[in-house]
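The working numbering numbers the first residue of the sequence shown as 0 and each following residue consecutively.
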Amino acid sequence: MVPPASKLAATPPELPAERRARARARIDARSEEQRRSFLRMVSHELRTPLNSILGFSELIAAEYYGPVGAPEYKDYARMIAESGRRLLAISNQVLEIARLESGTADLAHRRESLDHALDDVLDLLHEEIRTRTASVLRDDEGRLPDVMADARGLRTALGALLSNALAFGPEGGEVQVTASRRGPSVILHILDRGPGVASEDLPRLLRPFEQGQNALVRQTQGAGLGLPLAHMLCQAMGGGLVLGPREGGGLEAAVRLTAAPD
């Protein structure tokens with residue numbers, strides 16, 4: 000009796016190198032999931048003590064229950080509150096990045112006004128703009144095209160990009176914002192006059208926990224999460240983010256989003 004063809008054409012045994020590669024891929028996948036779970040856990044666990052630190056330090060700085068004595072104590076309380084806010088912002092960014100990486104971020108795509116989104120972001124950055132005596136120039140203010148995006152995601156991405164432009168721009172400098180319709184997309188440009196960044200550093204700026212090592216060599220405090228978060232949010236909303244050198248010096252961030260239907 001002749002054995003069936005399926006018996007004759009048996010599957011060749013898996014080579015040792017292939018087995019090692021498959022095992023390595025499984026280990027890498029588990030490690031990545033463990034990393035994301037750890038980031039989510041740490042971010043959640045930080046929130047409760049941070050909220051207490053923020054609340055009590057603000058009460059002390061305001062002398063809510065009476066004078067605290069030497070004026071230095073009020074200054075120290077303000078410094079504690081400011082450090083707490085910075086740490087809470089980093090915690091929120093880490094949590095958002097973990098959600099985006101795992102695909103669990105809850106983003107709604109609906110019609111959003113770029114003008115309204117920029118108004119909200121600039122209100123939040125008012126103190127930062129004032130401290131750096133900077134100005135944000137918006138071309139066609141009040142007439143920017145609408146986009147399809149998540150309301151919170153859009154504001155978070157714009158806030159991260161504008162905050163980065165302000166942080167690395169010169170004191171008293173200008174940040175320019177423009178937006179135009181290009182076919183099915185809206186391209187928004189945020190341009191600063193900072194020191195710029197070497198071309199080999201550009202990809203690193205979009206990876207979490209990294210900053211450029213030349214022009215952007217940790218001149219400001221931060222964990223290097225703002226630009227990666229903006230990049231991931233833009234992608235999750237069906238768009239993208241590209242960084243490049245600005246003509247004449249500085250950095251240009253080009254955000255692509257889906258244009259809202261006419």
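The C-beta atom is built at its ideal place from N, Cα and C for all residues, glycine as well.
Here the structure is a predicted model, which is why all the values come from computation and not from measurement.
Exercise. Could you check which residue in 163, 20 and 233 has the C-alpha nearest to that of residue 250?
Key: Checked all of 163, 20 and 233; the closest Cα to residue 250 is 163.
Quiz item: Would you say residue 110 and residue 259 are within 8 Å of each other, going by their C-beta atoms?
Solution: Annotated as proximal: residue 110 and residue 259, with beta-carbon spacing under 8 Å.
Quiz item: What is the DSSP secondary structure of residue 173, counted as helix, strand or coil?
Solution: strand
Self-check item: Integer Cβ distance of residue 271 from residue 205, believed to fall under 8 Å
Solution: There is simply no residue 271 to check, as the chain begins at 0 and stops at 261 in what is shown.
Practice problem: Go ahead and pull the three-state DSSP assignment for residue 246. | Solution: coil
Quiz prompt | Endpoints, the beta strand (DSSP E) within which residue 118 is located | solution = Residue range 113–123 is occupied by the alpha helix (DSSP H) that includes residue 118, with no beta strand (DSSP E) assigned at that position.
Practice problem: Give the range of the beta strand (DSSP E) segment to which residue 137 is assigned. | Solution: In the DSSP assignment, residue 137 falls within the beta strand (DSSP E) that extends over 134–137.
Exercise. Tell me, please, whether the CB atom of residue 174 is closer than 8 Å to any CB atom in chain D?
Key: Although the question refers to chain D, the structure presented lacks it and comprises just one protein chain.
Exercise. Go through the stretch 42–117 residue by residue and report every complete run of the beta strand (DSSP E) that reaches 3 residues or more, in order.
Key: As far as the stretch 42–117 is concerned, its whole beta strand (DSSP E) runs of at least 3 residues are 109–112.
Quiz prompt | Residue from 56, 40, 143 and 153 whose Cα sits closest to the Cα of residue 235 | solution = Taking each of 56, 40, 143 and 153 in turn and checking the Cα distance to residue 235, the smallest one comes out for 153.
Practice problem: Quick one: using the 10 Å Cβ neighbour count with 16 as the cut-off for buried, is residue 95 buried or exposed? | Solution: Answer is buried; the Cβ neighbour count reaches 16.
Quiz item: From 178, 185, 174 and 167, pick the residue whose C-alpha is nearest to that of residue 196; which is it?
Solution: 167
Quiz item: What residues match up with residue 257 in a beta bridge as DSSP calls it?
Solution: 147 and 184
Quiz item: How is residue 195 classed by DSSP in three states: helix, strand or coil?
Solution: Looking at residue 195 - three-state DSSP - the assignment turns out to be coil, as it is neither helix nor strand.
Quiz item: Between residue 30 and residue 24, what straight-line distance do the alpha-carbon atoms span, to the nearest angstrom?
Solution: Going by the C-alpha atoms only, they are around 10 Å apart.
Quiz prompt | Neighbour-count burial assignment, residue 217, 16 or more Cβ in a 10 Å radius | solution = Because the pLDDT at residue 217 is just 46, under 50, the model does not fix this residue reliably, and the point stays unresolved.
Quiz item: According to DSSP, what are the bridge partners of residue 160?
Solution: The partner list for residue 160 (beta bridge, DSSP) is empty, contrary to what the question assumes.
Practice problem: Measure the alpha-carbon distance for residue 172 versus residue 75 and round it to whole angstroms. | Solution: 30 Å
Quiz item: Touch check for the stretch 173–186 and the stretch 140–158: three-plus C-beta pairs under 8 Å?
Solution: yes
Quiz item: Just checking my contact of residue 185 with residue 256 at CB under 8 Å: how many whole Å lie between their CB atoms?
Solution: 5 Å
Quiz item: Does DSSP put residue 190 in a helix, a strand or coil?
Solution: In the structure shown, residue 190 sits in a strand (DSSP, three-state: E or B).
Quiz item: Does the separation of the CB atoms of residue 187 and residue 120 fall below 8 Å?
Solution: no
Quiz item: When the distance is taken between beta carbons, is residue 81 closer than 8 Å to residue 132?
Solution: no
Practice problem: Give a yes or no on whether the C-beta atoms belonging to residue 285 and residue 231 are separated by under 8 Å. | Solution: This structure gives no information on residue 285, because the portion of the chain shown stretches from 0 to 261.
Quiz item: From 59, 155, 161 and 123, pick the residue whose C-alpha is nearest to that of residue 135; which is it?
Solution: 161
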